[in-house]
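Enquirer: One structure follows; several queries about it will come next.
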Amino acid sequence: MEEAQTQYPDALDDQQEISQAIEALTANLRPTLLCLSHLRWGFVYQRPQHLMSRFTQDYQVLFFEEPLRSDRSDAWLEEQVQASGVKVLIPHVPNGLRAEAVIQLQRQLIDTYLAAHPPLELLLWYFTPMSLAFTEHLQAQVTVFDCMDELSAFKGAPPDLLEKERQLLERADVVFTGGYSLWEAKRGQHGNVHPMPSSVDVEHFAKARTITVEPADQRAIAHPRLGFFGVIDERFDSELLAGLAVEYPHWQFVLIGPVVKIDPACLPRMSNIHYLGGKDYAQLPDYLSGWDVALMPFAINESTRFISPTKTPEYLAGGCPVVSTPIIDVGRMYGNSPVVRIAGAAEDFASAIKAALADRSDLQTLYRHADEALEGQSWDHTWTQIKEQIACLK
């Protein structure tokens, strides 16, 4: 009996080693998906993270970020393995290098990594055409261009982005767009373009309907609360926000998200505007639970012409009525919902907020309308549709 007891842990260790070996062997038998992204994995959790996390079921997913400058004299590749299995690859390059040298170093880093981890098959997935400069030599079974935004319209876009996009459209086997407006703009430029609007994790955001304990930095803010989460950049209508804050001082505006590409000093600073900074994706339902109305105060300009914000379905899943400026894809997908109001001028936007506040008097009806607007939507569904299109190419 004693002998059996002393052998049991060894047997358990052997079993664990066998399981690990099987897992490693299985991983090596899966094709590799190399994702080239202009957005960092640890930035706002959105389309790239949702899709790539799901693709780990079928692929070894490598998420290659834009380079970071380093004080070291050599270039090196940092690897961070996420809980989902995605391997985030972060290139570090020396300070002071010209663009051509940085491109060459990124190419070398990718080649070295793939040589050490030879892919069974390779799928190239581009979120940015700029990555073509250091990956055009790679031989892939399938090349995907996931055009989630019209990047050339964004502030600080590289001058050669449109030329790189033209080249990528020539090489890509399939093109997905982040919304219908973008699909209309791209469908004449490629023979295999499909609209795949960004979706929603309903279960995650629906937690907001039942959460009762709010985050500490929001708890003391008075009601009514009008909230926004997302990136605060040149697409955000600061003038609209400032006007509303002055006209309705009892309304409290709660803004969650990083400020990028604009000077934070340019943002309105009224006492009823609360900037809470960026929050983890896991925390968003906690904040959403305490809002009375969710806002999408986007400026109407070239940078917002083709956007298809994921915030609309996320707000609705949390049971919050939505007021948005007239973003084309929001109107197209949700304009018929009684709990999504679209208004342009400040006066009309304020009237829409007042109507949305009234929705909260009947939560059962509000939730029913929100659920109807979300019917059939999920990231799993979008991912499945994308997989079907890719399967057709193999």
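According to the working numbering, the sequence shown is numbered sequentially starting from 1.
Virtual Cβ for every residue (Gly too), placed ideally from N, Cα, C.
#1: When DSSP builds the beta bridges, which residues end up paired with Phe229?
#2: Just to confirm before moving on: does the CB-CB distance between Ile353 and Leu226 stay below 8 Å?
#3: Looking at the strands, I want to know which residues DSSP matches up with Val323.
#4: In whole angstroms, what is the alpha-carbon distance linking Ala157 and Gln106?
#5: Quick one, which of Glu347, Trp291, Arg332 and Leu316 has its alpha-carbon nearest His369's?
#6: Pull up the distance between the alpha-carbon of Leu29 and that of Leu120, whole angstroms please.
#7: Assign Ile273 to one of three DSSP states: helix, strand, or coil.
#8: Does the Cβ of Glu65 have 16 or more other Cβ atoms within 10 Å, making it buried, or fewer, making it exposed?
#9: How many angstroms separate the CA atom of Val175 from the CA atom of Ser271?
#10: Specify the secondary structure class of Ile390 as computed by DSSP and reduced to three states.
#11: Taking C-alpha atoms, which residue in Leu123, Asn192, Ile386 and Pro118 lies nearest to Arg47?
#12: Note down, one range per segment and in chain order, each alpha helix (DSSP H) of at least 4 residues found wholly within the segment 27–108.
#13: Looking at the unbroken beta strand (DSSP E) that takes in Leu122, where does it start and where does it end?
#14: Quick check on Leu68: buried or exposed, where buried means 16 or more other Cβ atoms within 10 Å of its Cβ?
#15: How big is the Cα-Cα spacing for Ser324 and Lys261?
#16: Hey, Leu97 and Leu132 are a contact pair by Cβ (cut 8 Å); roughly how many whole angstroms apart?
#17: Between which two residues does the beta strand (DSSP E) harbouring Val193 extend?
#18: Kindly list the residues whose CB is nearer than 8 Å to the CB of Ala4, restricted to its own chain and excluding five residues on each side of it in sequence; keep chain order.
#19: Taking Asp160 as the reference, which of Met130, Ser181, Thr143 and Gln141 has the closest Cα?
#20: In or out: Ser53 buried (at least 16 other Cβ within 10 Å) or exposed?
#21: Jot down the residue ranges of each uninterrupted beta strand (DSSP E) in the segment 162–222, minimum 3 residues, whole runs only, in chain order.
#22: Is Thr143 helix, strand or coil when you go by DSSP?
#23: Quick one: using the 10 Å Cβ neighbour count with 16 as the cut-off for buried, is Gly344 buried or exposed?
#24: At the level of alpha carbons, what is the spacing between Tyr180 and Phe154?
#25: For Tyr8 and Gln15, what's the separation of their Cα atoms in angstroms?
#26: Rounded to whole angstroms, how far is the Cβ of Ser70 from the Cβ of His92, which I believe are closer than 8 Å?
#27: Within its chain, find whatever has a CB closer than 7 Å to the CB of Phe55; leave out the 5 residues flanking it on each side and keep chain order.
#28: Note down, in chain order, each residue of its chain lying with its Cβ closer than 8 Å to the Cβ of Ser199, except the 5 sequence neighbours on either side.
#29: With a CB to CB cut of under 6 Å and the five nearest residues on each side skipped, what residues in its chain are close to Phe228?
#30: Measuring alpha carbon to alpha carbon, tell me which residue in Trp291, Arg360, Leu288 and Leu374 is nearest Val330.
Expert: In short, the structure shows the following:
#1: Ile256
#2: yes
#3: Leu295 and Arg341
#4: 20 Å
#5: Leu316
#6: 7 Å
#7: strand
#8: buried
#9: 45 Å
#10: helix
#11: Ile386
#12: 47–55
#13: Leu122 to Tyr126
#14: exposed
#15: 22 Å
#16: Incorrect: roughly 19 Å between the Cβ atoms, too far for contact.
#17: Val193 to Pro195
#18: Its pLDDT being 39, under 50, Ala4 is placed unreliably by the model, and the measurement read from it follows with that caveat. Once the five neighbours on either side are set aside, Ala4 has no close Cβ partner at all.
#19: Met130
#20: buried
#21: 174–177 and 193–195
#22: strand
#23: exposed
#24: 18 Å
#25: Because the pLDDT of Tyr8 is 43, which lies under 50, any placement of that residue in the model is unreliable, and the number read from its coordinates should be weighed accordingly. If I take the Cα positions, the gap works out to 11 Å.
#26: 4 Å
#27: Leu33 and Val61
#28: His50, Thr310, Pro313, Gln377, Ser378, Trp379, His381 and Thr382
#29: Leu255 and Leu295
#30: Leu374
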